[in-house]
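Taking it in order: structure first as structure tokens, then the write-up.
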Amino acid sequence: MEAEVDKLELMFQKADSDLDYIQYRLEYEIKTNHPDTEGKKNPVTLLKELSAIKSRYQTLHARFKPIAAEQKETKNRICATVNKTMTVIQELQKQTDLEWILSAGLFSQRLFSLAAE
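FYI, full-length UniProt numbering numbers position 11 of the sequence shown as 11, with every residue one higher than the one before it.
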């Protein structure tokens, strides 16, 4: 899950960087190659729209960051709870001399493979 969060964060950073580059290139292109033409959409308006889109991406990223942190914290709490549960199960097995169908090792391996997904 952490890898996915990191991947999304990198995607947001790349999108932000790409938008900066596009804006820079458009401004340069307009200044050097395209004189004012009638009947076409104003390039300055297009740049303002691009800035608005960039702002929306930044807002989305700001909203995403606390959610990612909460997901990580929740995952850690779940893993800690499962580890405590496994300890209790192992103690019960020792005290009662019973064997559970799922041994602690197999259960732990399955759990951690699910947590990694």
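Quick reminder that beta carbons are idealized off the backbone N, C-alpha and C, glycines included.
On a predicted model such as this, the values are computed, not experimentally measured, just so you know.
(request) Can you grab the Cα-Cα spacing for the pair residue 144 / valine 5, in whole Å? (result) Since the first residue shown for the chain is 1 and the last is 117, residue 144 is missing from the structure and cannot be characterised.
(request) Determine the direct distance from the alpha carbon of serine 17 to that of threonine 81, and round the result to whole angstroms. (result) Along the sequence shown, one-based indexing puts residue 81 at 81. Along the sequence shown, one-based indexing puts residue 17 at 17. Their Cα atoms are separated by approximately 40 Å.
(request) Give the straight-line distance between the Cα atoms of alanine 15 and arginine 63, rounded to the nearest whole angstrom. (result) Walking along the sequence shown from the start, residue 15 turns up at place 15. Walking along the sequence shown from the start, residue 63 turns up at place 63. Using only the alpha carbons, I get a separation of about 16 Å.
(request) Within the same chain, show all residues whose beta-carbon is closer than 6 Å to that of glutamate 73, passing over the 5 residues directly before and after it, in chain order. (result) Along the sequence shown, read from residue 1 onward, the residue named residue 73 stands at position 73. If we look at glutamate 73 and ignore the five residues flanking it on each side, it has no Cβ neighbours.
(request) Tell me the start and end of each unbroken alpha helix (DSSP H) in the UniProt domain "Ska2 N-terminal" (2 to 98) that is at least 4 residues and wholly inside, in chain order. (result) 2 to 33 and 43 to 96
(request) Leaving out five residues on either side along the sequence, give the residues of the same chain with a beta carbon under 7 Å from the beta carbon of histidine 61. (result) On the sequence shown, residue 61 is found 61 positions in, with the first residue counted as 1. Within the same chain, histidine 61 has close Cβ partners Phe12.
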